[in-house]
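Asker:
Protein chains: 2
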Amino acid sequence: MPAPWIDISRPVQPGMAVWPGDPATRFERVQDLAKGDACTVTRLSMCVHAATHLDAPSHFLPDGKDMTAMPIETGIGRARVIGIENAKAVTAAELAGHGVRKGERLLFQTANSQRLAAPGPFAEDFVSIAEDAARYLAEKRVRLIGVDYLSVGGFHDDGAATHRILLEAGIWLLEGLDLSGLSPGPVELVCLPLRLVGTEGAPARAVARQLARRDRRA
Amino acid sequence: MPAPWIDISRPVQPGMAVWPGDPATRFERVQDLAKGDACTVTRLSMCVHAATHLDAPSHFLPDGKDMTAMPIETGIGRARVIGIENAKAVTAAELAGHGVRKGERLLFQTANSQRLAAPGPFAEDFVSIAEDAARYLAEKRVRLIGVDYLSVGGFHDDGAATHRILLEAGIWLLEGLDLSGLSPGPVELVCLPLRLVGTEGAPARAVARQLARRDRRA
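Right, dumping it as structure tokens:
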């Protein structure tokens, strides 16, 4: 029996933390059973970089590709959860000990997953990917990187640089995960963004299930 | 080698057809690299019942559950594409010949998949599920039903009745698929709606790959 699927997406709802300055999340009932309408219908309004989402190259690169360029297979298959010990940043020095290989899907489980998984205000001091780690991952040519807060780059440091380095390397960025339910090691990942046409990112749902270390299924 | 994943979602973009009266789809660039901003950021506004999406019981049932009640496994696993011959409706008479079983995920490939898969104005005369077929599927206690246009129920006939019968039976409704790339028979389905909290539906991405008839993988 495979392990059960675990939801690694963050809930989408009004009031949830978004990147400072980004549009708020809104649900508007345009029809409502409780008011005598035939059914209930909601309009959703949100930033495409809120909660769990993908960044496309065009988020930071003037001639970058949009979400339609993401292959379905990028988000479906074997991935690896790496437990990050450094409480401030994902660094090249720490990654060097993990044998990162070309084409891998890597999910970085940092202190964010315990500290920031629950709803709360935006946290400026989340653990992010340092510029040197971004260069390391770009050189290794990994396929996808998942992080457990809203951005691969920091709020104070390396925000734009980290994005540009990773996106220029053709790496897809899965941000806003809740990795608190997984253990370091191999997992089967399923991550599907909405099929938005022409945008620089898209909200996504992501689930994963733990694999035995020798499991070749995914 | 498994068959390749096929995208069975419809593209989400401004101008796409929505159910008459539902809110239009909008992308608004709130930051733009082309205007000198540090990055490009888009606000998405859409009806949760536009393009490919799930309906929760609360869409038509006053005390019905919302999207958070949908188990992850509902959208992931073996499904069956049934080719519907009737050019007007999915009927109980036609379904009776297909040996529908409890717990199945069924995707109805109707004339819509050829006629209405391309973008175009809303089509009132799409093939929908007749009330007698809804009762048949409710009795069989299938798990999920997927249809290749925006609603399980018709625009002129059976719209509310078909929804209520299926939702009262605990069947999850996956609407707005493009099934033109699949053949009748078993498939592996992956369908993930956004993790919206409290809403009566949610936009989703869905992909599938064809299985050999005896394939037990999914």
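If you read the protein sequences in the order shown, they are chains X and R.
Adding 632 to a residue's 1-based position in the first sequence gives its number in the numbering used here.
Adding 632 to a residue's 1-based position in the second sequence gives its number in the numbering used here.
The C-beta atom is built at its ideal place from N, Cα and C for all residues, glycine as well.
Chain X beta carbons: is any one of them nearer than 8 Å to that of R/L665?
Answerer: Closer than 8 Å to some Cβ of chain X, the Cβ of R/L665 qualifies, so yes.
Asker: Residues of chain R with CB under 8 Å from X/Q645, in chain order?
Answerer: Neighbours of X/Q645 on chain R, chain order: L828, V829, G830.
Asker: Can you say whether R/H691 is buried or exposed, counting buried as having 16 or more other CB atoms within 10 angstroms of its CB?
Answerer: So R/H691 counts as buried.
Asker: Between the stretch 763 to 782 of chain R and the stretch 826 to 841 of chain X, do at least 3 Cβ pairs fall closer than 8 Å?
Answerer: Flag = no, the stretch 763 to 782 of chain R and the stretch 826 to 841 of chain X do not touch.
Asker: Classify R/P689 as helix, strand or coil using the three-state DSSP reduction.
Answerer: Here R/P689 sits in helix by DSSP.
Asker: For the alpha helix (DSSP H) that X/L727 lies in, which residues bound it at each end?
Answerer: Where X/L727 is concerned, the enclosing alpha helix (DSSP H) stretches over 724 to 727.
Asker: Is it buried or exposed for X/R846, if we count other Cβ within 10 angstroms and need 16 for buried?
Answerer: Exposed.
Asker: Contact defined as beta carbons within less than 8 Å: I believe R/L798 pairs with R/L769. What is the distance between those atoms, to the nearest angstrom?
Answerer: R/L798 to R/L769, Cβ: 6 Å. Contact.
Asker: Between which residues of its own chain and R/D687 is the CB-CB distance below 6 Å, once the five residues before and five after are set aside?
Answerer: Contacts found: L805, G833.
Asker: Can you find a CB in chain X that lies within less than 8 Å of the CB of R/L748?
Answerer: No - not a single Cβ of chain X is within 8 Å of the one on R/L748.
Asker: At a CB-CB cut-off below 7 Å, which residues of chain X make contact with R/R837?
Answerer: In chain order: L824, P825, L826, R827.
Asker: Would you grab the beta carbon distance between X/S812 and X/S745 for me? Rounded to a whole angstrom, and I think it's under 8 Å.
Answerer: With 8 Å as the limit, X/S812 and X/S745 qualify as a contact, their Cβ atoms being about 4 Å apart.
Asker: Distance, Cα to Cα, X/M678 vs X/T657?
Answerer: Distance between the alpha carbons of X/M678 and X/T657 is about 4 Å.
Asker: Verify whether the separation of the beta carbon atoms of X/A711 and X/R675 is less than 8 Å.
Answerer: Not closer than 8 Å, so no.
Asker: Please report the Cβ distance between R/F659 and R/P646, rounded to the nearest whole angstrom; I am assuming they are in contact, meaning their Cβ atoms lie under 8 Å.
Answerer: Confirmed, Cβ separation roughly 6 Å.
Asker: Tell me the DSSP secondary structure of R/R775 in three-state form.
Answerer: Here R/R775 sits in coil by DSSP.
Asker: If you draw a straight line from the C-alpha of X/K742 to the C-alpha of X/E705, how long is it?
Answerer: Before going on, a small fix: residue 742 of chain X reads as Thr here, not Lys. For X/T742 and X/E705, the distance between alpha carbons rounds to 25 Å.
Asker: Using the Cα positions of R/C823 and X/A840, report the straight-line distance between them to the nearest angstrom.
Answerer: If you take the alpha carbons of R/C823 and X/A840, they lie about 14 Å apart.
Asker: Which of the three DSSP states, helix, strand or coil, is assigned to R/L769?
Answerer: Three-state result, R/L769: helix.
Asker: Among the residues of its own chain, which have a CB less than 6 Å from the CB of R/Q842, if the five just before and after it don't count?
Answerer: Closer than 6 Å at Cβ, skipping near neighbours: A635, V819.
Asker: On the CB-based measure, 16 or more other CB atoms within 10 Å of its CB, does R/G752 come out buried or exposed?
Answerer: Under this definition R/G752 is an exposed residue.
Asker: May I ask you to list the residues that DSSP assigns as paired with X/L806?
Answerer: X/L686, X/G778, per the DSSP bridge assignment.
Asker: Taking X/L739 as the reference, give the member of X/S783, X/P689, X/T672 with the closest Cα.
Answerer: Comparing Cα positions, the closest option is X/S783.
Asker: With distance defined between alpha-carbon atoms, name the residue in X/P689, X/A766, X/H681 nearest to X/A725.
Answerer: Considering only alpha carbons, the answer is X/A766.
Asker: Enumerate in chain order the residues of its own chain whose CB-to-CB distance from R/I716 is below 6 Å, with the five nearest sequence positions on each side excluded.
Answerer: Excluding positions up to five away in sequence, the list reads V722, F740, T742.
Asker: Have a look at R/F787, R/G817, R/R747, R/T794 and flag the residue whose alpha-carbon is nearest the alpha-carbon of R/H730.
Answerer: Closest option to R/H730, Cα to Cα, is R/G817.
Asker: Using a Cβ cut-off of 8 Å, which residues of the stretch 785 to 802 of chain R contact any Cβ in chain X, in chain order?
Answerer: Answer set for the stretch 785 to 802 of chain R: A792, H795.
Asker: Closest by CA to R/T672, which one among X/G668, X/K697, X/E771?
Answerer: Cα-wise, what sits closest to R/T672 is X/K697.
Asker: Given that X/V673 touches chain R, what residues does it touch there, using C-beta distances under 9 Å?
Answerer: Those within 9 Å of X/V673 in chain R are W651, G653, D654, P655, C679, V680, H681, H691, E832, G833.
Asker: Alpha carbon to alpha carbon, how far is X/G668 from R/P652?
Answerer: Their backbone Cα atoms lie some 18 Å apart in a straight line.
Asker: Hey, is X/A670's beta-carbon within less than 8 Å of any beta-carbon in chain R?
Answerer: Closer than 8 Å: yes.
Asker: Run the CB neighbour count on R/H685, radius 10 Å, all protein chains shown included, and call it buried at 16 or more, exposed below.
Answerer: So R/H685 ends up on the buried side.
Asker: Can you tell which of R/V650, R/E771, R/A670, R/L693 has the C-alpha that lies nearest to the C-alpha of X/A666?
Answerer: Among R/V650, R/E771, R/A670, R/L693, the Cα nearest to that of X/A666 is on R/L693.
Asker: Buried or exposed for X/V713, going by 16 or more other Cβ atoms inside 10 Å?
Answerer: That one is buried.
Asker: Looking only at its own chain, which residues have a Cβ that is under 8 Å from the Cβ of R/L814, when we skip the five neighbours before and after it?
Answerer: Closer than 8 Å at Cβ, skipping near neighbours: I638, I640, V713, L739, Q741, A840, Q842.
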